[in-house]
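Chemist:
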Amino acid sequence: MLDERATNLLHVILSSRLVTMKELEERLDCTRRQVSYDLQKINDWLIDQELPPIENKRSFGLIIDKRVKEHVSTILPNLKTEEYILSHEVRMAIILLSAFMNDEYLSVNHVTNILKVSRNTVLSYVKQADSHASRYGVSLQYNRQAGYHLTGDEMAVRKLALKMLSRIIQQQNGMTLIERMVDECKGKGTFLACFQQMHAALSQMEDSLHVSYVEERMRELAAYFTILLIRINVRRLLFFPKEIVETIQETDGYDAVEQMMKDSQLSVSEDEKIYLTMLVLGLNVRYDLYLYQKPDENDLSKIIDEIISEFEILACVTFIDREHAKQALLMHLKPAYYRMIFNIPITNPYLNKIKEEHLDLFNLVKKSLKKLEEAVGSTISEDEVGYITLHFGSFLTAQGLPFRRKRSIIVCPSGVGTSNLLKREIEQLVPEIEIVKVISIREFNEKIEDEFDLIFSTVMLQTKKPLLVVQPILTALDKAKIIQEVDVVLQGSRPNTPNVHQLIEVIKLFSTVHDEKGLYTAITNVLTGNMAKTIGRYKPVLKELITKEMIQVVDFVESWEEAIRLAANPLLEAHSINGEYVEAMIKNVMEMGAYIVLTPKVALPHARPEEGVKKLGMSLLKLNQPVSFSEGDPDKDVNIIIVLAATDNETHLKALSQLSELLEEDENINEILKASNADSIIPLIYQYS
Numbered sequence: 006m007l008d009e010r011a012t013n014l015l016h017v018i019l020s021s022r023l024v025t026m027k028e029l030e031e032r033l034d035c036t037r038r039q040v041s042y043d044l045q046k047i048n049d050w051l052i053d054q055e056l057p058p059i060e061n062k063r064s065f066g067l068i069i070d071k072r073v074k075e076h077v078s079t080i081l082p083n084l085k086t087e088e089y090i091l092s093h094e095v096r097m098a099i100i101l102l103s104a105f106m107n108d109e110y111l112s113v114n115h116v117t118n119i120l121k122v123s124r125n126t127v128l129s130y131v132k133q134a135d136s137h138a139s140r141y142g143v144s145l146q147y148n149r150q151a152g153y154h155l156t157g158d159e160m161a162v163r164k165l166a167l168k169m170l171s172r173i174i175q176q177q178n179g180m181t182l183i184e185r186m187v188d189e190c191k192g193k194g195t196f197l198a199c200f201q202q203m204h205a206a207l208s209q210m211e212d213s214l215h216v217s218y219v220e221e222r223m224r225e226l227a228a229y230f231t232i233l234l235i236r237i238n239v240r241r242l243l244f245f246p247k248e249i250v251e252t253i254q255e256t257d258g259y260d261a262v263e264q265m266m267k268d269s270q271l272s273v274s275e276d277e278k279i280y281l282t283m284l285v286l287g288l289n290v291r292y293d294l295y296l297y298q299k300p301d302e303n304d305l306s307k308i309i310d311e312i313i314s315e316f317e318i319l320a321c322v323t324f325i326d327r328e329h330a331k332q333a334l335l336m337h338l339k340p341a342y343y344r345m346i347f348n349i350p351i352t353n354p355y356l357n358k359i360k361e362e363h364l365d366l367f368n369l370v371k372k373s374l375k376k377l378e379e380a381v382g383s384t385i386s387e388d389e390v391g392y393i394t395l396h397f398g399s400f401l402t403a404q405g406l407p408f409r410r411k412r413s414i415i416v417c418p419s420g421v422g423t424s425n426l427l428k429r430e431i432e433q434l435v436p437e438i439e440i441v442k443v444i445s446i447r448e449f450n451e452k453i454e455d456e457f458d459l460i461f462s463t464v465m466l467q468t469k470k471p472l473l474v475v476q477p478i479l480t481a482l483d484k485a486k487i488i489q490e491v492d493v494v495l496q497g498s499r500p501n502t503p504n505v506h507q508l509i510e511v512i513k514l515f516s517t518v519h520d521e522k523g524l525y526t527a528i529t530n531v532l533t534g535n536m537a538k539t540i541g542r543y544k545p546v547l548k549e550l551i552t553k554e555m556i557q558v559v560d561f562v563e564s565w566e567e568a569i570r571l572a573a574n575p576l577l578e579a580h581s582i583n584g585e586y587v588e589a590m591i592k593n594v595m596e597m598g599a600y601i602v603l604t605p606k607v608a609l610p611h612a613r614p615e616e617g618v619k620k621l622g623m624s625l626l627k628l629n630q631p632v633s634f635s636e637g638d639p640d641k642d643v644n645i646i647i648v649l650a651a652t653d654n655e656t657h658l659k660a661l662s663q664l665s666e667l668l669e670e671d672e673n674i675n676e677i678l679k680a681s682n683a684d685s686i687i688p689l690i691y692q693y694s
């Protein structure tokens, strides 16, 4: 029997061409004993399946027989739910979702049969589920007439249910689990018949609305529709104000839902049609063929223009293909806009990784979304910000990639933002690979694999071509592994890089290691960081750019032009820029106004990399007396001028994000204003690096 941890371990092992026990400990945050225990459990299970066990070869890694890899795409998805021990969170989600669709009587016995656990265990999970539901303003209650059921505001109840459904579907075997849950309560075959009908209806809706939905979201919504129809079958639960009804009725989505109800021979109240339309409008879209032929999108288009402009100012970048960026954002933000307005939740399974690997970009994007927050009247959730961050990451494409030897594709069931960022990062990591396109699993199943030499995928696939299974959001360790594994596929050998475990053993000979796990992480980061530097992926921190030599403190200047020239002097002397770059910065202000004044007292002049940047650099000039960048406007009076010389659209983002964080606090600005020399400013720079 495989539990969730062992199943996850099996997936990681099979997704990695070469992996050691130590790497598994690090990646899964487990002890050696836990990994060994789970590996033994996996091997016992493989033997039961008449497959050879996984071998651990010292100083090399885990050896997986070809037969196991060949069958893996059918092994993992089709594990019987009895063989898959669920986590506490998933069991809790099942209880809440069962109570949500309960239109008759839900007993402890029903839940016991679904979860395959004892009565007392179910009662324990019920208490946990009620506690979790209370975060949404919902209560899980029991009485003799209805059994277990949810009470509270209906929209809050549905928000909870949608979150729980998403949590279950993200599990291995999630759809099978939901099918069993519905069939247990409503009779065998109930779920599959309705799910297939809803999925087909949504697929048909793609044609009528001229869109292509993200697969994961469409499956999730088809499952939710199936469960929701059970809940609303016997009673009316929703009532919307007339203004909302009339607004939604004017959308193309409403017409599509009406047609879906008619084709499916389903009858629901007008308010439920409005709710279903809200859900349809909130679906993630891969592409929209008629996106720019709809005049009613002008307002959103203007907001996107302002978002892009704000990001360009904050990130000190200029998008070469601004229209492409605008189209991609409009494609994503149209459904996201409806989700925000109608408080439809979305779970971003990559959020933690996005914040871990792209925190600088995440923070800049978050600050750029103020106009959107004003439009929807609420703060944008981090889940939504995470997805938008992926889009901005994909816009910051590197220039001048060399000739690529091999053609490849990326298969990704997630949205376009996730897959485009993955495409960009892989192209930069292994420029000898040409990623021809990013496709969905549906497209891959059309058997186009013969056109390519190599396949990257975020899920396991059945293919005869070399397959590299990667994470949607790449960590430093993931990037190193991709470089190594591509070399194995293309050249039959691994790069000659030091072995972390061997280094640690050598260190132990000459010192006492108090935190071996921490040392492993640190060495890994150094090695992968060095590898990243050689391929142009290194991003310096603020203190590496604004050094003591780059800081000047003077009394006053005659004009803002003189301020920019003086502030740029350290970069000129360091040969980071030439004189043309200084004039380009001044010309930008003359043509576009004082947009470089980010906040009162602080300006960040910059120009494009090709206008005279030789290497990345930043310099800081502090004026004791302010200089005006716009006569008559006191908000444009500036004491602190920070010149940025960026070599591309990305390398400076970490330092810039740290600078942005520093400037958010008025007390930090005041501390710089009080400074009489560079030595007084440097500690603050270090504090935020």
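Heads up, the sequence shown is in the numbering used here, so the first residue is 6 and it goes up one at a time.
The beta carbon of each residue, even a glycine, is placed where N, CA and C say it ideally should be.
Quick one, which of 190, 389, 448 has its alpha-carbon nearest residue 371's?
Modeler: The option with the nearest alpha carbon to residue 371 is 389.
Chemist: Just to confirm before moving on: does the CB-CB distance between residue 470 and residue 460 stay below 7 Å?
Modeler: Closer than 7 Å, so yes.
Chemist: Near residue 4, what residues of its chain come up, given a Cβ to Cβ distance below 7 Å and the 5 sequence neighbours on each side ignored?
Modeler: The question about residue 4 has no answer, for the chain in this structure spans 6 to 694.
Chemist: Note down the Cα distance separating residue 309 from residue 643, rounded to an integer number of angstroms.
Modeler: In a straight line, the C-alpha of residue 309 is about 29 Å away from that of residue 643.
Chemist: Starting from residue 413 and walking both ways along the beta strand (DSSP E), at which residues does that stretch end?
Modeler: Residues 411 to 416.
Chemist: Considering residue 631, what are the terminal residues of the beta strand (DSSP E) in which it resides?
Modeler: It spans 622 to 633 - the beta strand (DSSP E) in which residue 631 sits, taken as one unbroken run.
Chemist: If distances are taken between C-alpha atoms only, which option among 318, 266, 567 comes closest to residue 665?
Modeler: Out of 318, 266, 567, 318 has the C-alpha closest to the C-alpha of residue 665.
Chemist: Under 7 Å between the Cβ atoms of residue 547 and residue 690?
Modeler: Their beta carbons are under 7 Å apart, which means residue 547 touches residue 690 by this criterion.
Chemist: Look up residue 646 in the DSSP assignment and say whether it is helix, strand or coil.
Modeler: Reduced to three states, the DSSP call for residue 646 is strand.
Chemist: Within a Cβ cutoff of 7 Å, which residues of the same chain sit near residue 676, ignoring the five residues on either side of it in sequence?
Modeler: Cβ neighbours of residue 676 beyond the five flanking positions: 689.
Chemist: If I measure Cβ to Cβ from residue 358 and keep anything under 6 Å in the same chain, skipping five residues before and after, which residues do I get?
Modeler: Answer for residue 358: 478, listed in chain order.
Chemist: In terms of residue numbering, what span does the alpha helix (DSSP H) encompassing residue 337 cover?
Modeler: Taken as a continuous stretch (DSSP letters only), the alpha helix (DSSP H) holding residue 337 covers 327 to 346.
Chemist: From the DSSP output, read off the bridge partner residues of residue 144.
Modeler: According to DSSP, residue 144 bridges with 156.
Chemist: If distances are taken between C-alpha atoms only, which option among 172, 171, 137 comes closest to residue 155?
Modeler: Nearest option by C-alpha distance: 137.
Chemist: Check the C-beta distance from residue 625 over to residue 556 and give it rounded, since I have them as a contact under 8 Å.
Modeler: Sure, about 5 Å apart at Cβ, within 8 Å.
Chemist: Indicate whether the contact test is met: 3 or more Cβ pairs, each with one atom in the region 164 to 176 and one in the region 220 to 240, closer than 8 Å.
Modeler: Cβ pair count under 8 Å is three or more, so yes.
Chemist: Measure the CB-CB distance between residue 320 and residue 396 and report whether it falls below 7 Å.
Modeler: Not in contact: residue 320 and residue 396 (Cβ atoms no closer than 7 Å).
Chemist: Between the alpha carbons of residue 694 and residue 363, how many angstroms are there, rounded?
Modeler: Going from the Cα of residue 694 to the Cα of residue 363 covers about 15 Å.
Chemist: Are there 16 or more other CB atoms within 10 angstroms of the CB of residue 538, so buried, or fewer, so exposed?
Modeler: Low confidence applies to residue 538: its pLDDT is 48, below 50, so where it sits in the model is not reliable, and the reading given next is rough at best. Residue 538 is exposed by the Cβ-count criterion.
Chemist: With DSSP as the reference, label residue 125 as helix, strand or coil.
Modeler: In the structure shown, residue 125 sits in a helix (DSSP, three-state: H, G or I).
Chemist: If you reduce the DSSP assignment to three classes, tell me which class residue 608 lands in.
Modeler: It is a strand residue.
Chemist: Spell out a yes or no on whether the region 427 to 442 and the region 324 to 343 are touching, meaning 3 or more CB-CB pairs, one atom from each, closer than 8 Å.
Modeler: Counting Cβ pairs under 8 Å, fewer than three are found: no touch.
Chemist: Per DSSP, which one or two residues make a beta bridge with residue 459?
Modeler: Per DSSP, 413.
Chemist: Since residue 272 is in the alpha helix (DSSP H), which residue starts that stretch and which ends it?
Modeler: It is not in any alpha helix (DSSP H) - residue 272 carries neither H nor E in the DSSP assignment.
Chemist: Using a 10 Å radius around the Cβ and a threshold of 16 neighbouring Cβ atoms, would you call residue 246 buried or exposed?
Modeler: When all chains shown are included, residue 246 counts as exposed.
Chemist: Is residue 398 helix, strand or coil by DSSP?
Modeler: Of the three classes helix, strand and coil, the one that applies to residue 398 here is helix, per DSSP.
Chemist: Taking the CB atoms as reference points, tell me whether residue 487 and residue 434 lie closer together than 7 Å.
Modeler: In this structure, residue 434 lies closer than 7 Å to residue 487 by Cβ.
Chemist: Which two residues bound the contiguous alpha helix (DSSP H) that contains residue 544?
Modeler: No alpha helix (DSSP H) contains residue 544, which DSSP labels as neither H nor E.
Chemist: Assess, as a yes-or-no matter, whether the region 626 to 640 is touched by the region 597 to 613 under the definition of 3 or more beta carbon pairs within less than 8 Å.
Modeler: Yes: the two stretches touch, three or more of their Cβ pairs being nearer than 8 Å.
Chemist: Enumerated in chain order, which unbroken segments of the beta strand (DSSP E) with a length of 3 residues or greater are wholly contained in the region 30 to 67?
Modeler: Qualifying beta strand (DSSP E) stretches, in chain order: 60 to 62.
Chemist: Find the nearest neighbour of residue 507 within the set 175, 134, 25, judged by alpha-carbon distance.
Modeler: Checking every option, the nearest Cα to that of residue 507 belongs to 25.
Chemist: Quick check on the DSSP output: the alpha helix (DSSP H) that includes residue 375 runs from which residue to which?
Modeler: Unbroken alpha helix (DSSP H) run through residue 375: 375 to 381.
Chemist: Just mark residue 618 as buried or exposed, buried being the case when its beta carbon has 16 or more other beta carbons within 10 Å.
Modeler: It counts as buried.
Chemist: Buried or exposed, going by whether 16 or more other CB atoms sit within 10 Å of the CB of residue 43?
Modeler: So residue 43 counts as buried.
Chemist: Does residue 305 come out as helix, strand or coil in the three-state DSSP assignment?
Modeler: Of the three classes helix, strand and coil, the one that applies to residue 305 here is helix, per DSSP.
Chemist: Alpha carbon to alpha carbon, how far is residue 285 from residue 273?
Modeler: Rounded to whole angstroms, residue 285 to residue 273 spans 16 Å at the Cα level.
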